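Residue numbers (this note's numbering), protein chains in the order written: chain A, 13 to 575; chain B, 44 to 486.
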């Protein structure tokens with residue numbers, strides 16, 4: 013065979029496809045053009061829609077009944093919009109399909125990379141519908157009942173708003189869907205931190221993912237001199253006042269959540285929010301969490317800049333790079349922590365605990381002091397790491413594996429249930445209550461040092477239904493106004509993490525019989541009359557979850573004054 | 044704590060409030076009784092505040108006519124003022140009943156008070172009073188467009204069930220109620236003291252009709268006074284005009300029937316083939332109804348925020364009538380610097396007409412806090428009917444349980460929905476010399 017006959021070597025499998033998206037939203041422009049950015053998403057077989065393994069873009073306008081033809085994006089792996097003038101993109105239904113697909117896929121990929129596995133949705137089916145022009149409202153929401161995210165628009169010729177062109181809205185809603193898949197029980201009426209965290213995580217992911225785009229960060233920084241930014245512009249405070257504040261202002265122009273983001277950026281560290289009733293409203297409470305995270309981001313960024321700042325200042329391009337790196341890193345830490353959060357009864361302390369613990373597992377050496385920075389910022393808001401909620405099982409009495417099958421234990425819910433039953437004393441799980449293992453999920457992650465961590469993360473819930481008078485006998489403080497016969501549902505649960513050998517190593521616990529916590533939860537539910545239509549407390553909130561997400565995004569300016 | 048009126052005027056010796064049991068709505072007759080007859084030979088003065096219902100109590104509901112007849116009896120043929128807090132059916136529906144309206148008109152009301160948004164000069168785009176500028180005119184125009192939108196929704200869905208039926212009922216609540224407005228306009232034209240279209244800080248004119256009392260107009264602010272009152276999205280007529288353009292399609296999309304009869308793929312009329320796309324399109328029908336409901340809710344809030352808020356000062360008594368004002372309306376008098384001392388008497392209120400039938404957004408917590416911080420009891424009167432307001436969730440139910448509980452802690456809470464079946468009214472009476480509670484009866 014002559015060299016000419018030798019077949020060419022096979023092309024390497026393309027893992028990532030570059031797609032153009034609107035960097036923030038159409039209101040943010042540079043030199044008269046809408047700011048766009050190329051992002052990389054996992055390559056997959058895409059049918060027209062686009063319709064891939066995890067997303068199905070269906071451009072149906074429920075107000076006009078018009079279904080756009082399915083868009084073909086990235087034919088032959090090449091972005092068809094790569095050279096289109098930016099301002100022409102906005103009129104193209106195919107581009108808005110690409111925009112929602114690419115940003116949602118990128119958000120999911122970030123979460124999957126952080127958690128080290130494929131993430132399932134919280135509904136039946138493998139494809140999340142993305143409907144980019146769904147409803148004539150300045151609103152967008154995740155509707156788990158339909159397995160869809162509906163993006164609204166304002167049908168006003170002069171100042172048309174399309175939420176499907178807002179990076180932060182798409183990332184925010186996709187995060188709701190991701191978290192719902194990981195922690196479906198967060199929809200159970202719980203402690204006030206629980207719904208607040210749903211909003212807060214979605215906002216943090218939205219802000220940090222926008223922030224991790226270099227074109228965005230570059231646009232947020234003030235004027236430079238010969239490509240250099242002076243040291244005075246690079247302090248934590250200065251970066252907050254310019255970059256972060258500008259971002260929140262810009263997002264406020266088209267996002268339906270602008271004022272909330274602005275408020276959280278301006279929130280000064282304090283513990284006072286704990287005593288203020290308005291901070292029991294999910295949005296307002298979530299702002300505290302967002303504030304702590306974004307202030308951490310600023311600190312991480314400023315500290316990364318120290319090494320590259322000379323007395324004359326620092327190269328603008330390096331400042332941009334460090335900002336997007338810090339944002340991307342923090343985003344990864346947040347996603348990674350979800351696995352270690354309890355499946356029910358979540359409190360901000362658990363979130364902090366989970367994020368720090370997950371980071372310790374993957375990156376034992378906190379070289380840049382990120383964990384310290386995060387813990388400090390949360391502490392300033394009165395949120396501290398609890399001492400005994402995540403227990404290191406390897407340091408206590410050894411669980412009994414005698415009757416366990418390690419291979420099955422890594423994949424089978426019933427085997428994990430047997431493990432919990434057999435080791436209830438060691439794990440301090442009360443056998444009185446019905447225990448149900450919800451998920452057994454493998455996880456493979458790499459830390460920044462290349463450290464390989466393989467785990468199996470399982471979670472379980474416990475619940476009991478009883479009357480208020482029965483709960484009272486057990487030690488739950490029943491608030492005034494709750495009738496003795498009122499039906500209650502109490503929850504508990506935890507997470508057990510197994511190592512690569514199938515041995516339990518960590519146990520995150522929220523025992524059902526923590527009567528102090530149950531009393532706090534009941535007081536909160538009663539205070540806000542969060543009952544179902546039958547007057548029962550702790551069961552459901554009687555509205556479809558989709559409608560609750562929709563309502564959440566409409567207005568939150570009344571939090572301090574309403575009932 | 045002295046009334047703002049002429050101090051030489053005789054002060055009424057007692058005040059009486061008759062709350063008619065209109066179910067979900069408001070209708071109050073506020074009467075002032077004097078020691079002796081005034082110049083015109085009468086020893087009483089009467090203000091009729093709102094007259095409407097969207098759902099009557101069961102069984103044996105009263106009628107608008109029975110209420111109008113009772114008002115005629117109580118006032119002995121002469122009403123001094125009519126107050127219409129805002130344009131919603133549950134506050135003006137009674138004037139749409141020809142005979143009931145004629146009865147009230149026959150009482151020759153001397154003064155007719157409405158919100159600044161009802162001022163006919165706004166529609167003509169003429170130069171309005173101070174504080175009513177272009178933003179106000181745009182807001183008022185937006186409300187008019189919104190009401191046309193609501194009329195279209197109601198017309199299309201009337202008689203339907205389920206979410207579409209709830210939407211129809213809710214939209215019906217927002218329609219212009221033109222017949223009632225015409226009746227009020229006619230009364231206003233004949234009123235000897237004229238018509239007033241009020242915004243915060245203006246003189247009410249009631250003092251001229253009723254000597255010895257003071258009345259403060261605490262709301263609504265105009266957008267010029269307080270831009271927050273318009274909310275974020277509903278102050279633009281274009282908002283509603285564009286939605287009206289879409290409405291026909293929106294309604295047909297929420298209707299039952301062939302799931303694929305929309306405009307089809309890119310408007311070519313092609314049907315959606317069986318499969319996941321068709322499944323989702325089916326699902327989106329109910330989303331559409333919910334979406335329409337949220338759109339109509341923005342109009343509901345905007346209309347409620349046009350409510351006239353009146354504080355009556357009579358002797359030692361302070362009586363507060365806020366209509367259905369929501370937090371955006373209240374916040375002007377409670378928070379703005381511009382309002383100055385307008386709300387200085389709010390901590391002294393001893394009788395509170397519960398705003399918006401006890402909904403979660405109409406009695407600001409900061410207002411309740413003022414009353415919590417004093418020793419004196421508060422008497423609250425709620426004209427309400429549970430199970431009417433849309434939304435099945437407890438959090439959106441009217442009356443809101445947590446608010447009712449808070450008001451009960453402050454003193455007596457009288458509720459029309461707790462009256463014995465067949466009652467026409469709940470009546471509270473108290474001397475103006477003291478602030479110790481009211482005697483209560485029903486009939």
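Glycine included, every Cβ here is placed at the ideal spot set by N, Cα and C. Given the structure is predicted, the values throughout are model-derived calculations rather than measurements.
Alpha carbon to alpha carbon, what distance is there between residue j and residue i?
| i | j | result |
| --- | --- | --- |
| residue 507 (chain A) | residue 219 (chain A) | 28 Å |
| residue 193 (chain B) | residue 100 (chain B) | 25 Å |
| residue 488 (chain A) | residue 204 (chain A) | 18 Å |
| residue 448 (chain A) | residue 429 (chain A) | 7 Å |
| residue 384 (chain A) | residue 561 (chain A) | 33 Å |
| residue 65 (chain B) | residue 208 (chain B) | 22 Å |
| residue 95 (chain A) | residue 104 (chain A) | 14 Å |
| residue 441 (chain B) | residue 189 (chain B) | 23 Å |
| residue 300 (chain B) | residue 147 (chain A) | At residue 300 (chain B) the pLDDT is 48, less than 50, meaning the model places this residue with poor confidence; the figure from the coordinates comes in the next sentence. For residue 300 (chain B) and residue 147 (chain A), the distance between alpha carbons rounds to 20 Å. |
| residue 176 (chain A) | residue 431 (chain A) | 46 Å |
| residue 377 (chain A) | residue 439 (chain A) | 28 Å |
| residue 349 (chain B) | residue 369 (chain B) | 9 Å |
| residue 408 (chain A) | residue 473 (chain A) | 23 Å |
| residue 410 (chain A) | residue 62 (chain A) | 51 Å |
| residue 104 (chain B) | residue 465 (chain B) | 6 Å |
| residue 304 (chain B) | residue 332 (chain B) | Residue placement at residue 304 (chain B) is flagged as unreliable, the pLDDT there being 43, under the threshold of 50; the coordinate-derived value follows with that caveat. Between residue 304 (chain B) and residue 332 (chain B), the C-alpha separation is close to 17 Å. |
| residue 340 (chain A) | residue 340 (chain B) | 39 Å |
I'd like to confirm the pairing. Which residues does DSSP put opposite residue i in its beta bridges?
| i | result |
| --- | --- |
| residue 325 (chain A) | A:322 |
| residue 503 (chain A) | A:475 |
| residue 543 (chain A) | A:549 |
| residue 396 (chain B) | B:424 |
| residue 30 (chain A) | A:52 |
| residue 395 (chain A) | According to DSSP, which records beta bridges pairwise, residue 395 (chain A) is partnered with nothing at all. |
Please confirm if residue i has its CB atom under 7 Å from at least one CB of chain B.
| i | result |
| --- | --- |
| residue 75 (chain A) | yes |
| residue 172 (chain A) | no |
| residue 120 (chain A) | no |
| residue 202 (chain A) | no |
| residue 39 (chain A) | no |
| residue 149 (chain A) | yes |
| residue 527 (chain A) | no |
| residue 574 (chain A) | yes |
Over the uninterrupted beta strand (DSSP E) stretch that includes residue i, give me the two end residues.
| i | result |
| --- | --- |
| residue 470 (chain A) | 464 to 479 |
| residue 463 (chain B) | Careful: residue 463 (chain B) lies outside any beta strand (DSSP E) and carries neither H nor E. |
| residue 457 (chain B) | 456 to 458 |
| residue 257 (chain B) | 257 to 262 |
Using a Cβ cut-off of 7 Å (strictly closer), state whether residue i contacts chain A.
| i | result |
| --- | --- |
| residue 305 (chain B) | At residue 305 (chain B) the pLDDT is 46, less than 50, meaning the model places this residue with poor confidence and gives no usable figure here. |
| residue 445 (chain B) | yes |
| residue 404 (chain B) | yes |
| residue 431 (chain B) | no |
| residue 370 (chain B) | yes |
| residue 57 (chain B) | no |
| residue 61 (chain B) | no |
| residue 407 (chain B) | yes |
List the whole-angstrom C-beta distance separating residue i from residue j, where the pair is believed to meet the contact cut-off of C-beta under 8 Å.
| i | j | result |
| --- | --- | --- |
| residue 413 (chain B) | residue 450 (chain B) | Going by Cβ atoms, the distance from residue 413 (chain B) to residue 450 (chain B) rounds to 13 Å, so no, they are not a contact pair. |
| residue 97 (chain B) | residue 68 (chain B) | 6 Å |
| residue 55 (chain B) | residue 397 (chain B) | Not confirmed; about 24 Å, so no contact. |
| residue 572 (chain A) | residue 408 (chain B) | 7 Å |
| residue 363 (chain B) | residue 354 (chain B) | 5 Å |
| residue 351 (chain B) | residue 146 (chain B) | Incorrect: roughly 23 Å between the Cβ atoms, too far for contact. |
| residue 126 (chain A) | residue 140 (chain A) | At roughly 18 Å, the Cβ-Cβ gap does not stay under 8 Å, so residue 126 (chain A) and residue 140 (chain A) are not in contact. |
| residue 189 (chain A) | residue 133 (chain A) | 6 Å |
| residue 250 (chain B) | residue 244 (chain B) | Their Cβ separation, rounded to whole angstroms, is 15 Å, which puts residue 250 (chain B) and residue 244 (chain B) out of contact at 8 Å. |
Residue range of the alpha helix (DSSP H) that residue i falls in?
| i | result |
| --- | --- |
| residue 326 (chain B) | 319 to 347 |
| residue 450 (chain A) | Taken as a continuous stretch (DSSP letters only), residue 450 (chain A) belongs to no alpha helix (DSSP H), being part of the beta strand (DSSP E) at 446 to 458. |
| residue 521 (chain A) | Careful: residue 521 (chain A) lies outside any alpha helix (DSSP H), inside the beta strand (DSSP E) at 516 to 522. |
Taking 7 Å as the CB-CB limit, is residue i close to chain E?
| i | result |
| --- | --- |
| residue 537 (chain A) | No chain E appears in the structure shown, which is made up of the protein chains A and B. |
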